[in-house]
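Worksheet: one structure, shown below.
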Amino acid sequence: MPELPEVETSRRGIDPYLCGKTVLATRVRQPQLRWPVSSQIIETLAGQTITHTGRRGKYLLLYTQQGCVIIHLGMSGSVRIVDSHQAAGKHDHVDIEMSDGVILRYHDPRRFGCLLWSELPVEQHGLLASLGPEPLADDFTGAYLHKRSRGRKVPIKSFVMDSHVVVGVGNIYANEALFMAGIRPQTMAGAVSAKRYTRLVQCIKQVISHAITVGGTTLRDFVGGDGKPGYFQQSLLVYGRAGQPCKQCGTELKEIRQSQRSSVFCPLCQD
DNA sequence: AAATCTCCCTGTAGGC
DNA sequence: TGCCTACAGGGAGATT
1437 MPELPEVETS
1447 RRGIDPYLCG
1457 KTVLATRVRQ
1467 PQLRWPVSSQ
1477 IIETLAGQTI
1487 THTGRRGKYL
1497 LLYTQQGCVI
1507 IHLGMSGSVR
1517 IVDSHQAAGK
1527 HDHVDIEMSD
1537 GVILRYHDPR
1547 RFGCLLWSEL
1557 PVEQHGLLAS
1567 LGPEPLADDF
1577 TGAYLHKRSR
1587 GRKVPIKSFV
1597 MDSHVVVGVG
1607 NIYANEALFM
1617 AGIRPQTMAG
1627 AVSAKRYTRL
1637 VQCIKQVISH
1647 AITVGGTTLR
1657 DFVGGDGKPG
1667 YFQQSLLVYG
1677 RAGQPCKQCG
1687 TELKEIRQSQ
1697 RSSVFCPLCQ
1707 D
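In terms of my numbering, the first sequence opens at residue 1437 and continues consecutively.
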């Protein structure tokens, strides 16, 4: 499941192959993604030059002079750089081919992702306009979370996973960060102190920046290959470890369901 | 406004 | 071995 670190790693991987290149053709084999890929994007993109790439939360952005391609990888999506000799596989839904033959290939078995065209400024696009701060940015602080959470009865885990509060904290990192901060996922967001939010923000920044570092070394196969990410093999403290002993105290980790998502926590280390 | 529920999709894991 | 079902999850949009 691509979380923010994987999207950022993907962006860095494809960036040098796309910047300054002109789009020759776009091929859409399967338009039925999270939202249908507009057939209009094919003619819109043709002849346009990619000026730079960007990212907002888990949205990957390809800028041109006229607009921006917004790509979301959903939970099974990936992008990689191939050439025209590599046959498209079953779930290779979109190719964006540059005039030098380099192809950006969008792959997404479960089709939870999307690929959209937006006018500039893309920040005003409906999907991006009301997003919260970037987790690694300076404006994401304990004080900010504390202020935003006052009066909120939602569990803290749902709160930090809300992209209107902060972007890019998916289920895995929410579980990990709450463990690191010693906070139970079911704690009401409005009942958590400023001090504990400061700790939680430190943990979120730490786990995400570490994952970007690890992703940079393991998710490197952007040219050719199968583009499969590998960094989920990194040692996780709680996610996916229900029933196993806590790495900190040995207590059996518990699992609960919150908003149709699994939460794993240590009953001793988190309160 | 805030909280909760539903839905999109298919690969994988578990049961028999 | 193979078939069947349950489950996983990001997040927008609908519903309560």
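Where is the CB? At the ideal position from N, CA and C, for every residue including glycine.
It should be emphasised that the depicted structure is a prediction, and the values quoted were computed from it without experimental measurement.
Reference residue i, options the options, closest by Cα
i	options	result
Lys-1457	Glu-1612, Asp-1707, Leu-1498	Leu-1498
Ser-1535	Val-1473, Gly-1493, Leu-1454, His-1508	Leu-1454
Pro-1621	Ser-1512, Ile-1692, Gly-1483, Cys-1682	Ile-1692
His-1600	Arg-1547, Gly-1568, Arg-1697, Val-1590	Gly-1568
Gly-1490	His-1543, Leu-1572, Cys-1504, Pro-1545	Cys-1504
Val-1628	Ile-1644, Ala-1579, Gly-1676	Ala-1579
Cys-1682	Cys-1702, Asn-1607, Gly-1676	Cys-1702
Ala-1625	Ala-1524, Gly-1587, Val-1518	Gly-1587
Val-1637	Lys-1593, Tyr-1675, Arg-1677, Cys-1685	Lys-1593
Val-1590	Tyr-1542, Thr-1623, Met-1511, Phe-1576	Thr-1623
Gln-1642	Ala-1573, Gln-1696, Ala-1630, Ser-1699	Ala-1573
Cys-1639	Val-1650, His-1527, Glu-1444, Gly-1618	Gly-1618
Bounding residues of the alpha helix (DSSP H) (the contiguous stretch that carries residue i)
i	result
Arg-1584	1578-1585
Val-1596	1592-1597
Met-1616	1607-1617
Residue j beta carbon less than 8 Å from that of residue i
i	j	result
Arg-1470	His-1529	no
Pro-1467	Val-1459	no
Glu-1612	Leu-1673	yes
Ala-1647	Pro-1441	yes
Pro-1571	Val-1538	no
Gln-1522	Thr-1500	no
Residue i classed as buried or exposed, judged by whether at least 16 other C-beta atoms fall within 10 angstroms
i	result
Thr-1653	Residue placement at Thr-1653 is flagged as unreliable, the pLDDT there being 43, under the threshold of 50; the coordinate-derived value follows with that caveat. Classification of Thr-1653: exposed, given that the 10 Å Cβ count is below 16.
Gln-1706	buried
Ser-1475	exposed
Arg-1546	exposed
Phe-1615	buried
Pro-1438	buried
Ile-1450	buried
Leu-1510	It should be pointed out that residue 1510 corresponds to Gly in this sequence rather than to Leu. Result: buried.
Where the beta strand (DSSP E) containing residue i begins and where it ends
i	result
Arg-1697	1697-1701
Leu-1572	No beta strand (DSSP E) holds Leu-1572; DSSP gives it neither H nor E.
Lys-1690	1690-1694
Ser-1554	1550-1555
Val-1515	1514-1518
Asp-1531	1528-1534
Handout entry: Secondary structure, beta strand (DSSP E): runs of 3+ residues fully inside the region 1446-1507
Key = 1459-1464, 1488-1492, 1495-1499
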